[in-house]
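Asker: Sending over a structure as C-alpha cells; questions will come in a sec.
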Amino acid sequence: MTPPTLPLTLSPVPSPVSSTLPSTLPIVRTVADLRRHIAGWGGGARVGLVPTMGALHAGHLALVAEARAAGAERVVASLFVNPKQFGPAEDLDRYPRDEAADASSLTGAGCDLLWAPSVADMYPPGFATSIAVAHLGDGLDGAARPGHFDGVAIVVTKLLLAAGPAIAVFGEKDWQQLAIIRRFVADLTLPVEIVGAPIVRDPDGLALSSRNIYLSTDERRRALALPRALAAARDAIVGGAEVAAALAEATAAITAAGFDVPDYVALVDGDLLPMATLAGPGRLLAAARIGTTRLIDNVAVVPR
Ligand code: PAF
C-alpha cells in the first residue's frame, strides 16, 4: 500500500480558545427567554444556530465562523450535554463541563447569544416523545451505541424548533450524525438550512474532539494511527486497491497502535450504505476505543 499522504486536508484552525477573555456573551436558560432575546433582534435577522455539548475547542469555534459564512447575521450557540444520547455505560457523568470557559471562547468567536438550558427545561417530567431515523441510524455508531441517534434526533429537533434558526451548523467529524440530521430535517420539513463544516485537526492530523482531553500523553501519540490509517486506506482505494483489503489493512494498523478492535472501519456512500468498490464519491469512517476514550474520524474518498 502506498504511504499515506499526511497531513489530511487541514481546515484553517481558528484562533486558539481563550479561557482568559472575560465573557460578555448574554446567556439565556429557558426557551421563553431564548425566543424573547431573538425577537429583540427584529424579525428580519437571519439567525444561525450552533448546537454544542460544550467543552468547546477550535472545531466548535469554526462552526460559528461557518454560520457567519453561510449568511447568519446573528449566531446563537446552544450548550446542552444531552443525557438522551449517552448509553448507560458511557461518559455522561465525566463529560467535560466548563460553561464560563465556553462562554469566553464564544465571545472571542463573535457569537451573539449562548443558550444553556437545564435537563428539566429540555425534558420536563412526563416527556415521552422520541424520533428514530430508520436505516441511517441503525449501522456504524448506531450499532455500537444503541439509542444514541434517537437521542441526537430528539434534542436537535427541540433545539431547532425552539430557536427557529435559518441556518444550523454541524461538524463533519460526526458524519453519520450529519446525514441523520439532514434526513429528519427533510422528512419533517423543518424550515432550516443544514450546513456541514469541515473537520478541524491538530497540525499532526488528529481530529479535534472534546474527548481528546481524556487521552494520556501516550494514548494521544498512538491515537494518530486513526487518521493515518484512514489516509492510507483512502490513498490505496483511490489508487485502485480492493476496498475490502484496504479496510482490513486500516483495521490492523489501528489495532496494532493500541486501539481496541475498531467498532467499524467502513467505506460508505451518501446513504451510509457500504461500498464494495469506489463507484462514486464515498466516505471512509472509523470508530475505535483507545484506553477509555472512543474516537471517531472520517475522510472523503473521491475517485480520480
Ligand atoms: O455533535 C454534538 O455535539 C451533539 O451531538 C449535538 C448535535 C449538539 C446534539 O446534542
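Here the sequence shown stands for residues 14 to 317, where the numbers follow our numbering. C-beta atoms are modelled at their ideal positions from N, C-alpha and C, and glycine is treated no differently. Treat the numbers as computed from the prediction; the structure is a model and nothing was measured.
1. Is the closest heavy atom of the ligand PAF to the C-beta of Phe183 under 7 Å?
2. Within the same chain, show all residues whose beta-carbon is closer than 8 Å to that of His50, passing over the 5 residues directly before and after it, in chain order.
3. The ligand PAF and Asn95: does any heavy atom of the ligand fall closer than 7 Å to the residue's C-beta?
4. Excluding sequence positions up to five away, which residues of its chain have a Cβ less than 7 Å from the Cβ of Ile194?
5. For a test of the three-state rule: what should DSSP assign to Tyr108, helix, strand or coil?
6. Is Met66 near the ligand PAF, judged by its Cβ being under 7 Å from some heavy atom?
7. Can you list, in chain order, the residues of its chain whose CB lies under 8 Å from that of Val94, leaving out five sequence neighbours each side?
8. Here's the rule I'm using: 16 or more other beta-carbon atoms within 10 Å means buried, otherwise exposed. How should Ala301 be labelled?
9. Which residues mark the beginning and the end of the beta strand (DSSP E) in which Arg307 is found?
10. Name the two residues that bound the continuous beta strand (DSSP E) containing Ala210.
11. Which ranges would you report for the beta strand (DSSP E) in the region 110-191 if only whole runs of at least 3 residues count?
12. Buried or exposed, going by whether 16 or more other CB atoms sit within 10 Å of the CB of Gly61?
13. Taking buried to mean at least 16 other C-beta atoms within 10 Å of its own C-beta, is Asp284 buried or exposed?
14. With DSSP run on the structure shown, which of helix, strand or coil describes Gly72?
15. Considering only residues of the same chain and omitting the five flanking positions on each side of Leu149, which have a CB-CB separation below 6 Å?
16. Any heavy atom of the ligand PAF closer than 7 Å to the Cβ of Val132?
17. Have a look at Gly72, Val198, Arg87 and Gly100 and flag the residue whose alpha-carbon is nearest the alpha-carbon of Gly56.
18. In the DSSP assignment, find the unbroken beta strand (DSSP E) run with Val60 in it and report its ends.
19. Alpha helix (DSSP H) containing Ala245: first to last residue?
20. Mark Glu185 as exposed unless 16 or more other C-beta atoms lie within 10 angstroms of its C-beta, in which case mark it buried.
21. Around the C-beta of Ile226, are 16 or more other C-beta atoms found within 10 angstroms, so that it is buried, or is it exposed?
22. Where does Leu47 sit, in a helix, a strand or coil, going by DSSP?
23. Taking 6 Å as the limit between beta carbons, can you name the residues of its chain near Pro25, skipping five residues before and five after?
24. Please confirm whether Gln98 and Gly164 have their CB atoms less than 8 Å apart.
25. Among residues of its own chain, excluding the 5 on either side of Ala289, which ones have a beta-carbon nearer than 8 Å to its beta-carbon?
26. For a test of your reading of the model: does the CB of Gln189 fall under 7 Å from any non-hydrogen atom of the ligand PAF? Yes or no.
27. Does the beta carbon of Ala80 sit closer than 8 Å to a beta carbon anywhere in chain D?
28. Cβ-heavy atom distance between Val205 and the ligand PAF below 7 Å?
29. Report whether the distance from the Cβ of Val165 to the nearest heavy atom of the ligand PAF is below 7 Å.
30. So the beta strand (DSSP E) Leu298 belongs to, where does it begin and stop?
31. With respect to 7 Å, is the separation between the Cβ of Val168 and the closest non-hydrogen atom of the ligand PAF below this value?
32. Using the three-state DSSP reduction, which class does Arg214 fall into: helix, strand or coil?
Answerer: Working from what's here:
1. yes
2. Pro39, Val41 and Leu126
3. yes
4. The answer, listed in chain order, is Val169, Phe183 and Ile207.
5. In this structure, Tyr108 counts as coil in the three-state DSSP scheme.
6. yes
7. Met66, Gly67, Leu105, Tyr108 and Arg110
8. buried
9. First-last of the beta strand (DSSP E) with Arg307: Thr306 to Val314.
10. It spans Glu206 to Ala210 - the beta strand (DSSP E) in which Ala210 sits, taken as one unbroken run.
11. As summarised for the region 110-191, the continuous beta strand (DSSP E) elements at least 3 residues long and confined to that stretch are 126-128 and 180-184, given in chain order.
12. buried
13. exposed
14. Of the three classes helix, strand and coil, the one that applies to Gly72 here is helix, per DSSP.
15. Ala192, Ile193, Arg196 and Leu285
16. no
17. Arg87
18. Val60 to Thr65
19. Ala238 to Val251
20. buried
21. Under this definition Ile226 is an exposed residue.
22. helix
23. With a pLDDT of only 42 at Pro25, under 50, the local geometry of the prediction cannot be trusted, and no value is derived from it.
24. yes
25. Val256 and Ala257
26. no
27. Of the chains in the structure shown, none is chain D; there is only one protein chain.
28. no
29. For the ligand PAF, at least one heavy atom lies less than 7 Å from the Cβ of Val165.
30. Gly295 to Ile303
31. Val168: yes, Cβ under 7 Å from the ligand PAF.
32. strand
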